[in-house]
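Peer 1: The numbering of the sequence shown is the working numbering, which starts it at 13 and goes up by one. Glycine included, C-beta positions come from ideal geometry on N, C-alpha and C. Below is one structure. I have some questions about it.
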Amino acid sequence: MDQDLTSTVGAVARLIQEFNKLPGIGPKSAQRIVYHLLRASEEQTGLLAEALLSLKQETRLCSICFNVTDSDSCRICSNEQRDRGKICIVEQPQDILALEHTRTYDGLYHVLHGAISPTEGVGADDVRIRELLNRLQDGTVDEVILATNPNLEGEQTAMYLNRLITPLGIRVTRLARGLPFGTELEYADDVTLTRAIEGRQEF
Ligand SMILES: [Zn+2]
13 MDQDLTSTVG AVARLIQEFN KLPGIGPKSA QRIVYHLLRA SEEQTGLLAE ALLSLKQETR
73 LCSICFNVTD SDSCRICSNE QRDRGKICIV EQPQDILALE HTRTYDGLYH VLHGAISPTE
133 GVGADDVRIR ELLNRLQDGT VDEVILATNP NLEGEQTAMY LNRLITPLGI RVTRLARGLP
193 FGTELEYADD VTLTRAIEGR QEF
């Protein structure tokens, strides 16, 4: 009996620890979730466990834009209706969700998976910049929209990309300044984001 109790407590503590590592979940929330799951049916916890496993097993990065996908090229890249002359550069896949939610943009994307940050030792080779430059070689793209976050790293990355892309004869624009400095794109509301896309300016 004692042993059972120890292992149960251990399992509880372990899951609390894991939830606590997630963004936006503090120790109190982690505890609340775990004790909720403890009361839930085995079927419900099984569904959650399966969903967690398939997250990694069934997803990969799009071979073209590096968005999260379940096939070789993502639904945006393989959609013939999208304007292939425009590429919007974002830092994270979730930024695509935010921009798509506004329904104002019909071009393609490119996910850098980070931003250049000399202070944190992240250089140009650590994000998907080389892959972006490869995409710009065939001459189909006539506008690149820099939608990196309006913070220090995002601005540095945008400036760096502008220096690389402008000489290729491609128009480089930046999201309008309506986004408050220091924020992240994924937290911007639809109205602000729509204004930022529509009001984009030459870099
Ligand atoms: Zn894609």
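Note down the Cα distance separating T178 from E103, rounded to an integer number of angstroms.
Peer 2: Taking the straight line from one Cα to the other gives about 20 Å.
Peer 1: Quick one: what does DSSP say D16 is sitting in, helix, strand or coil?
Peer 2: Because D16 sits at a pLDDT of 44, beneath the cut-off of 50, its placement in the model cannot be relied upon, and the point is left open.
Peer 1: What is the residue span of the beta strand (DSSP E) that V46 lies within?
Peer 2: V46 -> not in any beta strand (DSSP E); alpha helix (DSSP H) instead, spanning 39–51.
Peer 1: Mind checking D154: buried by the 16 CB within 10 Å criterion, or exposed?
Peer 2: It is exposed - the Cβ of D154 has fewer than 16 other Cβ atoms within 10 Å.
Peer 1: With H122 and I99 assumed to form a contact (beta carbons below 8 Å), what rounded beta-carbon distance in angstroms separates them?
Peer 2: That pair is a contact at about 5 Å.
Peer 1: Between which residues of its own chain and T57 is the CB-CB distance below 7 Å, once the five residues before and five after are set aside?
Peer 2: Excluding sequence neighbours, T57 sits near L49.
Peer 1: Going by DSSP, name the residue or residues bridged to C100.
Peer 2: BP columns for C100 point to Y121, I157.
Peer 1: Looking at the unbroken alpha helix (DSSP H) that takes in T114, where does it start and where does it end?
Peer 2: Unbroken alpha helix (DSSP H) run through T114: 105–114.
Peer 1: Let me confirm a value: L120 is counted as buried when at least 16 other C-beta atoms fall within 10 Å, else exposed. Which label applies?
Peer 2: By the neighbour-count rule (16 or more Cβ atoms within 10 Å), L120 is buried.
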